Structures are given as structure tokens and as C-alpha cells.
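Notes follow the structure.
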Amino acid sequence: MTRHSDHRALLALVGAVAACAIGAATVLTAAGFMDSTFAGAKLSTETASLTIAPVPYDQTFGSVLYLNEAGEVYLGGNRAAGDGAGSIATAASAAPTKVAFPSDVRIVNAIGSTNDFDRNSRTFTSYMALDSHGKVWTWGKPWNTTDYLGRGKVSDQQAATPGVVSQTQDGGALPAIVSIRRIENQFIALDNDGTMWAWGLGNENLPIVGPDKKSYAYPIKANSTTAKHGYNVRCDSGPDALGTVKWRSIWSGTNVDGAVAQNGLIYTWGLDNADALTGAGSNDTCPTISEGLNRALFQKYPTLYLTASSASYDEQVLTTEEARHQRYLDIVTAMKDKTLKACAGVSTGIVIDDSGCPVRQLVFSARQASMLTSDQELYTVHLLSGWSINELLPMLGRPADTDARNIANYAFAPRKVVFDSSAKVRSIGAGIGHFTVILTDGSVWGWGINTRCQALGVHTGVKSGESCSTWQDDIVKTPTRIDGLSGLEAASLSSAACSTWVTSTTGAVYAWGGGTLSGRDFWRCDDNGALGYKIYDYSTTAPNSPFSNPVADVSTKTRKIFSGGK
2 MTRHSDHRAL
12 LALVGAVAAC
22 AIGAATVLTA
32 AGFMDSTFAG
42 AKLSTETASL
52 TIAPVPYDQT
62 FGSVLYLNEA
72 GEVYLGGNRA
82 AGDGAGSIAT
92 AASAAPTKVA
102 FPSDVRIVNA
112 IGSTNDFDRN
122 SRTFTSYMAL
132 DSHGKVWTWG
142 KPWNTTDYLG
152 RGKVSDQQAA
162 TPGVVSQTQD
172 GGALPAIVSI
182 RRIENQFIAL
192 DNDGTMWAWG
202 LGNENLPIVG
212 PDKKSYAYPI
222 KANSTTAKHG
232 YNVRCDSGPD
242 ALGTVKWRSI
252 WSGTNVDGAV
262 AQNGLIYTWG
272 LDNADALTGA
282 GSNDTCPTIS
292 EGLNRALFQK
302 YPTLYLTASS
312 ASYDEQVLTT
322 EEARHQRYLD
332 IVTAMKDKTL
342 KACAGVSTGI
352 VIDDSGCPVR
362 QLVFSARQAS
372 MLTSDQELYT
382 VHLLSGWSIN
392 ELLPMLGRPA
402 DTDARNIANY
412 AFAPRKVVFD
422 SSAKVRSIGA
432 GIGHFTVILT
442 DGSVWGWGIN
452 TRCQALGVHT
462 GVKSGESCST
472 WQDDIVKTPT
482 RIDGLSGLEA
492 ASLSSAACST
502 WVTSTTGAVY
512 AWGGGTLSGR
522 DFWRCDDNGA
532 LGYKIYDYST
542 TAPNSPFSNP
552 VADVSTKTRK
562 IFSGGK
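Below, the structure written as C-alpha cells:
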């Protein structure tokens, strides 16, 4: 089990910056987990300090979650499904609401998601949070009911305040949870035994259903897997079942989600899933082994992934697709019931898994998958053909793939993203149409849809005086260093649908993209000013009121919103 070193650093920086911003006393913290259980967690503070940067990865359509080192959560922007403090009538433009957890509860991670990033489904937004004792809290409204929060029957009003998910589908007690993720109208949680629990709306992205597409009001185990793609495949029994696994790590998506098993293999599922090779849609409702992503791993780590006769995967030797596919099958057969030493145990990493397991990070957005390997190289793949492919191809960060003639050969299989730098990739964040990465030298890079400065914090051809909102067709096809950061050495980043925040090693915070923008249709960012503010400027913050200076622009170039502790 890994410790929360990545997220601990993020919270420490943000908490220290926020304490300075509001003139609070110094925050004393022993954040991070002292042993392999949440029972060993300690988090002590002299004073609660409001945060600056949002949670690392937020998938909501028009809201934004903030988390500080004291374990307090705030919710800003659209709160039509509940503000976390008991109201379903809080204005989107109001200052972020402090989510009403009991005073002795300390939250270590929070995440939200929305149905289809659809402005007409803005009330179908729900959130989950994980506290320092491994309890899961939920609030909001997935799809069109509160029944799928995992808390039993609750009213809309009750669902506007977080409650504990304590019971499993079979009536037992939910064990302590170490990691949480979201996928549209579904909730995913991982316990210390490697069991993945899932609940929420069936009929789309829930990784535990067969032909009945059943929804689950309470958590149910999701450790059964399959190698067969398809919307009606069963993975819990029958000829398509590949057996159960213990999970190493779980990852968030929009309509695609994924997990790494302790056998070292990657499994994906969801309505937008595919084999990561051909672009043929599969709409999988079971954790399905990803041929393309796993073949990329097999090629990269030939001494870890072997057949029963110790043969490896080498595309220079396996020159035909038939031979490659067969070698892939042979390796999966040999590996599926084993434990890969580097992936033993459960990762609690909120941003990355830095243990040495071959998969350091998985990010899914807008029918795209990004895989960061343990040696810190980044691979991207477009999962499905059709459906807005011209808009989505630039998100690959691979210029040859944006040529329609090369789509079949390149876009639908994982390929390495090349940076004009010798540094490696430390971590990656994703909006709904853009990606941002921090390299090991502390530099920040971006690419993707940049119509509102959401990718680079500035338009690639912008003229002096032009605003981000005047541009409509700016696409950044290759990783480009973000220059408006004044020599910043980045320590962490946070990504929302249309905005990005970066915190430096000195505590300075920069933000760019959607001041009032909201996500739409999985890759677009629209001007929905009535849906509230996403970025706040702390440079002139009044004491005890760090959310008093919202950025009211539709979108903004890179701007320093706090100078840090120096």
C-alpha cells in the first residue's frame, strides 16, 4: 500500500498558502497516513484554513470542489443538486458553500461528476468524499433520483447534505475505503483488501451488470472481469467470465473508467469503451481487459509480462497482427491469476501511484485514454471512431494523428506523447477538452481545445488586448509549454471541466481558463455565466473571506491568483 505522498504535498502547499491568504495562524499538520490503514491517520490543526486550489480532478459540469489541509470541503458554482449544506436553492454565483460535515470529520479527497456534461442536466450532479477513517460520504442527485447515492431513500433536501455510505447491497457493513472515483452517475470505491465497490445508475457505466443492466442503491462488489467486449456480456458467471481479481488502483472517467489489477493488467469499461486498437465501440458494462493499453505495457516492460513459457511481447519480432494478438492472449492467460510483485497491495494515491507498478496514472476524458507509466512516459489513445472525432483528435497530443489519413493507423492505438524537453512527466490532469501536465523539472505543458484559453492560458495567435472569449477555433495539437507562469516550478495541479490551477513549490497559485465557463457535451466549454464562478483571485483577499474576489470574466488568461508564502 502506498502513502498519500502526492496528495499530501498538494494539501500542504494549498493549506499553507491559504493560511497566509486569510491571515490565519500557522496550520500544524501530520497529514498523511502513518501506516497501511486509515485508523492510523492523523490530521491535527490549530486553525481551519480555507483552501485556494480545488480538488485534483473534478468532473462536474458547472461546479467546483475545494479541499483544504484541515479536511474542510467547499462547493462553488452550480449547486442545483445541493450545496452540501442542506440547500437546493443556493445561487450558482454565490460564494462557495462550506460542506456540512461533522466537526470531527476530516476529508482527504472529494470528487464530483455530472450526467453528460449537459446544461439541461445541471441538476444531475453528485459528489462523494472520503474521510481520514475510510468512510465514504455522498450528496447531490445522480441522474434523476437520490436513490443511487448509496444511502437508501433520502429526499432531495436530505441529499443536499452529505451522509455516510455504510451498508452494502447484501446488508453488510461497507469496509474502510482507501480510494474513491466517479464516472458520470456511478460511484466507485476501493477497500484495503483490493475489492472494488460500485453503485449508482445501471444501463451505462456501472462495472457490475449483465444483461439486466440493474441499478444498485448500495455498494456491490465489482471484482469480476471479462475479456469479451459487449453491452450484454456477463462477467460474474458463464463463459465470458475471466475470473475475479484484486484491484491495485481505480481511476476516474466521464463515460469510460478503468482500474489496474494486482496482476498488473489494465481493465476498462463504460459506454464509450473500446479495445484501444481499432476504434470499434464496445460499450462495456463489465471490467474488460484492454488489449491496446495492455499491449503497450507488454511492449514497454518485457521482463514483467510473460507467457507461461516466459515469452515476451515484442512488435519487432511479432510482425503480424495475428501474431501480436495471440501473444497478448498468451500473456493474459499466464498473468490474470498471478500477482505482479510491483503491483501487490492497494494504492491509495489520489493523483498518482508512485510505487513502481507499471501504471503510474490513468486519465480518461472525452473518449480518450491517457496512460502514464512508472518510468514517467505518457501514452494516449482515442477510443472510439465517429462521434466528434475531428474535435477530439487534438487531445491526443500527437500531431500525425490529427491527419484523417492516419487515423486508422495511429489514433486508435496507444502511442507515446513527445515533449520538447528531456524531463519526464510527473503527473497529468484533464479537463473535458484539454490536458495539462507537470514535468519532472517543474515546467507545465498543455494541449487540446484552447478556444477559451483552457489549454495554454493564452491563445496561440492572440493579439494584444484580445480576450480569451473572442476566439472560437484555437486548437493546440502538440504539447506546448505554458509560458505565462513567470519561472514557476510547479508542485501540483488541479483540473476542472474548463479550468486549471497550478500551485508552485513556493506556494504561488496560478489559474486559467473558465472564469464562468461550464462544460458541455464531453469536450466543449460554453459561456454559462449564470452557472457561477470557478476561479477566485486571492491577491486582495479580505481576512476570513477568501472567496470574496470571483473572476467574473467568461474565461481568463494565465493569472497569478496568489503570490504564495514568499
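Following our numbering, the numbering of the sequence shown begins with 2 at its first residue and continues without gaps. Glycine included, every Cβ here is placed at the ideal spot set by N, Cα and C. Computed from a predicted model, the values in this text were never measured in an experiment.
DSSP three-state assignment for residue i, whether helix, strand or coil
i	result
S133	coil
K229	coil
A343	helix
A40	Annotation note: pLDDT 34 at A40 (below 50); position unreliable, no value reported.
T139	strand
L66	strand
A25	Note that A25 scores a pLDDT of 33, beneath 50, so its modelled location is shaky; the value from the coordinates is reported in the next line. The answer is coil: DSSP assigns A25 none of H, G, I, E or B.
L363	strand
N193	coil
Y268	strand
G530	helix
D285	strand
L207	coil
P400	helix
S444	coil
A412	helix
S422	coil
T349	coil
T471	helix
Y75	strand
Y314	coil
Y149	helix
S122	helix
8 Å contact criterion, which residue i and residue j should meet: CB distance rounded
i	j	result
K337	G244	6 Å
W524	E322	Not quite, the Cβ-Cβ distance comes to about 30 Å (not below 8 Å), so this is no contact.
V477	F563	Rounded, the Cβ-Cβ distance is 26 Å, inconsistent with contact.
S225	D213	About 15 Å separates the two Cβ atoms, so there is no contact after all.
M1	F188	Lying outside 2 to 567, the shown extent of the chain, residue 1 is not represented and no answer is given.
V100	V65	Between V65 and V100 the Cβ distance is about 12 Å, and since that is not below 8 Å, they are no contact.
T517	G533	7 Å
Beta-carbon proximity list for residue i, same chain, < 6 Å, skipping 5 on both sides
i	result
A335	T308, A309
G164	R152
S6	Because S6 sits at a pLDDT of 47, beneath the cut-off of 50, its placement in the model cannot be relied upon, and the following sentence gives the value as read from the coordinates. Closer than 6 Å at the Cβ level, and outside the excluded window around S6, lies no residue.
A82	T124, T126, G141, K142
A343	G357, C358
Where the beta strand (DSSP E) containing residue i begins and where it ends
i	result
R427	426 to 431
L440	435 to 440
N637	Any answer about residue 637 is impossible in this case: the structure gives the chain only from 2 up to 567.
L486	Element bounds for L486: n/a, residue is neither H nor E.
Y539	Run containing Y539: none; DSSP gives neither H nor E here.
T559	556 to 563
R368	Here R368 belongs to no beta strand (DSSP E), and DSSP marks it neither H nor E.
I181	178 to 184
D258	258 to 262
P220	217 to 222
Where the alpha helix (DSSP H) through residue i begins and ends
i	result
F299	292 to 301
D331	322 to 336
L393	390 to 393
D157	157 to 160
From the options, residue whose alpha carbon lies closest to that of residue i
i	options	result
A479	G458, R521, L394	Rather than Ala, the amino acid found at residue 479 in this sequence is Thr. For T479, the nearest C-alpha among the options comes from L394.
I429	E378, R182, G462	E378
N193	S495, A177, T304, R368	A177
R183	R521, A492, Q158, S114	S114
N529	E205, A242, M372, C499	C499
Q455	S505, D119, K425, S519	S519
S496	V438, T452, D522, Y534	V438
R361	A367, W200, I353	I353
E292	D522, S253, L319, I332	I332
L577	L131, Q158, L266, E185	Since the first residue shown for the chain is 2 and the last is 567, residue 577 is missing from the structure and cannot be characterised.
G443	S423, P303, G449, A370	S423
R107	K136, T506, T517, Q168	K136
G515	A367, V552, T162	V552
S505	T441, A161, Q60	T441
Same chain, Cβ closer than 7 Å to residue i, five either side skipped, listed in chain order
i	result
G458	I483, G485, W513, K558, T559
T279	F413
L191	I178, V179, S180, M197, W248, I251, V347
N145	F125
Same chain only: Cβ atoms within 8 Å of residue i, ignoring 5 sequence neighbours per side
i	result
A531	A93, S94
S283	H230, G231, Y232, N274, A275, D276, T289
V445	T437, V438, I439, R482, I483, L486, L489, A491, L494, V503
W270	N206, P208, V257, D258, G259, D285, T286, C287, P288, T289
K561	S487, A509, V510, Y511, S540
Residue-chain proximity (residue i, chain B), Cβ-Cβ < 8 Å
i	result
G565	The structure shown contains no chain B; it is built from a single protein chain.
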